[in-house]
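Asks: Please read through the structure below; I'll follow up with questions.
Protein chains in written order, with our numbering: chain P, 2 to 123; chain A, 18 to 214.
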């Protein structure tokens, strides 16, 4: 089995590692709340919050879920999941992107339509 | 009769024990389940002309408390596994008991939060944000309950395997732990997305 403590000393080192990860997770939780209370721009707040959350999730996965040193098949499965997860959000960008970047809709002859598509209806 | 092969020995073609591969494939499907809800959240929010002030609608202090509770229960879960792996029954029982307590405390805080929303007339039908909030946290709470049922089994009747087949029991604790930590990971994303942004 992966990561089994083999001796008393190794066991103690392992426990210290888990407690260090615990401390890091608590500190990052405080940082998340503190940054959100600052008056940053919306995009900066989102970027910081998602980055910290991803880092916390990686710590939990690597150490508590024993992903560190896990066999390749697990990573292949998770890699495929990552691609599909990214696809979910890629579809969102394709759906919402035209509104965000202000795509101009043309008619069949390449001319701008007489009436612009109404805003706020999706 | 031991009908299930590769519960303690590594299967040569996968390089893993079957429970280990099984839990990761299950969690892969769980990522897509929660991923669909997160993408629904992004779609509904980015398309909405106005969006409620989330941190004013919900209680950030209670959610922060719940984050600390769930992270703590993740640590106690991994310490329970380490106790089992090193053959210390009392340590295993202590930390598994604390993990169960953490799950119960999390649900109590969640119950307080839900009750407070309902008493202020805030329901899933009130707006898209609250619909997403109740759906996502509700689904997460169901996962907490499911994990607690498994953990309760492993500290109760399932603990008989401790002496009968110790390695297999330790593996069970590890698999239950991997699931429990996943529930923690989901909350790590739910907390900022629903409460802080």
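All residues carry an ideal CB built from backbone N, CA and C; glycine is no exception.
#1: According to DSSP, simplified to helix, strand and coil, what is residue 2/A?
#2: Residues of chain P with CB under 8 Å from residue 56/A, in chain order?
#3: Using DSSP's beta-bridge definition, name the partner residues of residue 28/A.
#4: I'd like to check one pair, residue 212/A with residue 149/A: are the Cβ atoms closer than 8 Å?
#5: Please name the residues in the region 38-51 of chain A whose beta-carbon is closer than 8 Å to at least one beta-carbon of chain P, in chain order.
#6: When we look at the beta-carbon of residue 73/A and count the other beta-carbons within 10 Å, is it buried (16 or more) or exposed?
#7: Please determine, among 31/P, 61/P, 51/P, the residue with the shortest C-alpha to C-alpha distance to residue 18/P.
#8: In chain order, what residues of the same chain lie with their CB nearer than 8 Å to the CB of residue 21/A, ignoring the 5 residues before and after it?
#9: On a Cα-Cα basis, can you pick out the residue from 100/A, 60/A, 37/A, 90/A that is closest to residue 198/A?
#10: Check the Cβ-Cβ distances between residue 57/P and every residue of chain C, and say whether any is below 8 Å.
#11: Please report whether the beta-carbon of residue 52/P lies at a distance below 8 Å from any beta-carbon of chain A.
#12: From what residue to what residue does the alpha helix (DSSP H) around residue 43/P run?
#13: How would you label residue 55/P, buried or exposed, when you count the other beta carbons within 10 angstroms and need 16 or more for buried?
#14: Could you round the C-beta distance between residue 101/A and residue 109/A to whole angstroms and report it? I think they count as a contact, below 8 Å.
#15: Chain P partners of residue 63/A, CB-CB under 7 Å?
#16: From residue 151/A to residue 209/A, what does the alpha carbon distance come to, in whole angstroms?
#17: Comparing the C-beta of residue 91/A with each C-beta of chain P, is any distance below 8 Å?
#18: Under the rule that 16 or more other beta-carbon atoms within 10 Å means buried, what is residue 189/A, buried or exposed?
#19: Buried or exposed: where does residue 192/A fall if 16 or more other Cβ atoms within 10 Å of its Cβ makes it buried?
#20: How far does the alpha helix (DSSP H) with residue 36/P in it reach, from first residue to last?
#21: Along chain P, which residues have their Cβ under 9 Å away from the Cβ of residue 146/A?
#22: Does the beta carbon of residue 74/P sit closer than 8 Å to a beta carbon anywhere in chain A?
Replies: In brief:
#1: One cannot answer for residue 2/A here, as it falls past the ends of chain A, which runs 18 to 214.
#2: 89, 90, 92, 93
#3: 33/A
#4: no
#5: 38, 41, 42, 45, 48, 49
#6: exposed
#7: 61/P
#8: 35
#9: 90/A
#10: Structure shown: chain C not included; protein chains present are P and A.
#11: no
#12: 43-60
#13: exposed
#14: 4 Å
#15: 97
#16: 15 Å
#17: yes
#18: buried
#19: buried
#20: 9-38
#21: Within 9 Å Cβ-Cβ: nothing; residue 146/A doesn't reach chain P, min ~15 Å.
#22: yes
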